[in-house]
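Data block below; observations after.
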Ligand code: 6R9
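Numbering (my numbering), first residue to last: 1 to 635.
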């Protein structure tokens, strides 16, 4: 068990040094000792960040579901693998053991096969947080199909774009989903999306809410009867370590989402190893990550990382505010949760409510608290530490990305002393670099710059589906020979990292990454709109909220502004989803632009944040006069 489970700070430094001096040797040892492979690799790592090309464990053969399921059957077959906590607290929680999960995954895999899905095919999964969601991911992985999960809060247009981008042939969805007091009709969203997805030949439907649905003959099938007939035995398809495991979309600086491709071997090794250490998971623990499996956090730290370690992982269908603001804490007490992993936006929202919601419950089972998705502000950190952890549970502020597959910078609890708002130290094997504006790496401490990673790690995304050039342009062209994260960071006097936020056109709202471009595209499609620009501004709960500056066409000038605002938000909701709605919309006569025609977002950001004391030099703008007008009418 050497190096697999780090227990004190000296050991961290020692293992870190080893992992950096000899990465191949280090990862080979971890991979060899803790996973089952059908065949070992010919080479641990080959890489070239210029192309860019990275491969880990080349030549190795495996199936990730053997590691997440089969190998546990003899030692913990009757242990709960998935613990499902439904939206309605009156509905009973479901404990699904490793043996049951294995059986369900095999059945589902057989259904997929019978519907014509094979190795390399893409399957879109658009499901609420119910056990079938995790089962669907694993069933795809079992037969080598590539899953592409789309968060079930995305609109039909966003769903269609993602289905078409990677040519999915099947969609797995449900009749509906429960979200607090609401019931959403997922099937009709899928139906609308599929009007523009000619490649989809099959739709599998899970029954959850009992909503009335419209079945299309030959295309749509209820899953239940198919599962009943399917065999519980399904031999795994043996994959190359570098075969794709899944595609997951993230926003970028253009309208098109980027389908990040993760592969089987490296992703498994890194997510499992980080899970074990960053949550200090022990055999009897019950672990809960509140993310949705529609995001990378759910893929890596609800499904693959925990299951590869034989953990009990909770899947929560509901929301933190239903039936009241005590729900998270009630669930922690009920299931005696040991590790709890959530997002700053949820913490801030709950911190606004009466403390009684927390104090009513016994949270003494908690050992480790986690935070992910955006920088955690000091106030939220202390509230979490004082009221949830009672100052007994270290907070792991974990920095990472869809692209990185696993946690990159984070304390190791009980090992790394924590400091509020600091993600602290790079995880084992991770080599960060801070770059200045001229592209030079800044040595030493007490420096700030753009955060890059200068050496490959096993779970990094290998490409953008169908667009390797974009992968290169986005991540490997800003700084030579380095992966550029898009984030800014500072390194303090003791070498701790603090992430300061995005330095590109991505805005993080309630932990969701939103690219400015797709939202602007959507606004601009409104018949009364000529042009628009959106920026983020600080928001108490969401971290950032969206502020839109909109130029109207002449035809729009005479229209009622309130109605226009509603229509614009309605359009965004339909095309992207409610998470991308604007909090403020200001109608302007022009947008500040450079002489080459680029919108100066820096200026708009300052105006939106009510920080107009130092706008910098605006004399080089094409239209400096517009700035005054925008400031005068700012919301
Ligand atoms: C895992 C995940 C990635 C972006 C990332 C950064 C922000 C995530 C953070 C954090 C500060 C943390 N981010 N964790 N910022 N501290 N602990 O969230 O992936 O959805 O792709 O978002 O989120 O800006 O670049 P993803």
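The beta-carbon is built from N, C-alpha and C at its ideal position, and this holds for glycine as well.
Straight-line gap, residue i to residue j (C-alpha atoms, nearest Å)
| i | j | result |
| --- | --- | --- |
| residue 639 | residue 54 | With the chain running from 1 to 635 in the structure shown, residue 639 is simply not present. |
| residue 417 | residue 43 | 36 Å |
| residue 333 | residue 84 | 15 Å |
| residue 197 | residue 187 | 15 Å |
| residue 25 | residue 8 | 22 Å |
| residue 362 | residue 220 | 46 Å |
| residue 292 | residue 629 | 42 Å |
| residue 612 | residue 583 | 20 Å |
| residue 58 | residue 41 | 5 Å |
| residue 164 | residue 389 | 44 Å |
| residue 617 | residue 447 | 25 Å |
| residue 452 | residue 218 | 49 Å |
| residue 147 | residue 223 | 17 Å |
| residue 206 | residue 300 | 23 Å |
| residue 17 | residue 328 | 39 Å |
| residue 626 | residue 439 | 33 Å |
| residue 664 | residue 538 | There is no way to answer for residue 664, as the model of the chain reaches only from 1 to 635. |
| residue 371 | residue 250 | 20 Å |
| residue 179 | residue 209 | 11 Å |
| residue 337 | residue 366 | 6 Å |
| residue 278 | residue 129 | 24 Å |
| residue 67 | residue 562 | 55 Å |
| residue 239 | residue 56 | 13 Å |
| residue 52 | residue 466 | 15 Å |
| residue 434 | residue 252 | 22 Å |
Cβ pair residue i, residue j closer than 9 Å
| i | j | result |
| --- | --- | --- |
| residue 45 | residue 456 | yes |
| residue 638 | residue 412 | Residue 638 lies beyond the stretch modelled for the chain, which goes from 1 to 635, so this question has no answer here. |
| residue 608 | residue 535 | yes |
| residue 125 | residue 105 | no |
| residue 580 | residue 572 | yes |
| residue 549 | residue 591 | yes |
| residue 344 | residue 511 | yes |
| residue 141 | residue 65 | yes |
| residue 635 | residue 570 | no |
| residue 112 | residue 170 | yes |
| residue 402 | residue 159 | no |
| residue 34 | residue 380 | no |
| residue 157 | residue 114 | no |
Buried/exposed call for residue i, threshold 16 Cβ in 10 Å
| i | result |
| --- | --- |
| residue 1 | At residue 1 the pLDDT is 43, less than 50, meaning the model places this residue with poor confidence; the figure from the coordinates comes in the next sentence. It counts as exposed. |
| residue 360 | exposed |
| residue 533 | buried |
| residue 216 | exposed |
| residue 75 | exposed |
| residue 14 | exposed |
| residue 339 | buried |
| residue 619 | exposed |
| residue 136 | buried |
| residue 464 | buried |
| residue 38 | exposed |
| residue 432 | buried |
| residue 450 | buried |
| residue 191 | buried |
| residue 348 | buried |
| residue 481 | exposed |
| residue 212 | exposed |
| residue 594 | exposed |
| residue 139 | buried |
| residue 687 | One cannot answer for residue 687 here, as it falls past the ends of the chain, which runs 1 to 635. |
| residue 602 | exposed |
| residue 355 | exposed |
| residue 393 | buried |
| residue 487 | buried |
| residue 578 | exposed |
| residue 174 | buried |
Note to self: As an exercise, report each continuous alpha helix (DSSP H) stretch of at least 4 residues that is fully enclosed by the region 377-429, in chain order.
What the structure shows: Counting only runs of 4 or more, we get 378-383.
Check: At which residue ranges does the region 451-523 contain complete beta strand (DSSP E) runs of 3 or more residues, listed in the order of the chain?
Finding: For the region 451-523, whole beta strand (DSSP E) runs of length 3 or above, ordered along the chain, are 483-491, 497-502, 506-509 and 512-515.
Margin query: Going residue by residue through the region 192-276, where are the continuous alpha helix (DSSP H) segments of at least 4 residues, counting only ones entirely within it?
Written below: Taking 4 residues as the shortest admissible run, the region 192-276 contains the following complete alpha helix (DSSP H) segments, listed from N- to C-terminal end: 223-229.
Margin query: If we require 3 or more residues per run, which beta strand (DSSP E) segments fall completely within the region 70-147?
Written below: Fully enclosed beta strand (DSSP E) runs of 3 or longer: 80-85, 94-97 and 122-126.
Next item on the list: At 3 residues or longer, and completely inside the region 552-589: list those beta strand (DSSP E) runs for me, N to C.
Entry: DSSP runs (the beta strand (DSSP E)) wholly in the region 552-589: 584-588.
Check: In chain order, which alpha helix (DSSP H) runs of at least 4 residues are fully inside the region 320-367?
Finding: Listed in chain order, they are 327-335, 344-351 and 356-359.
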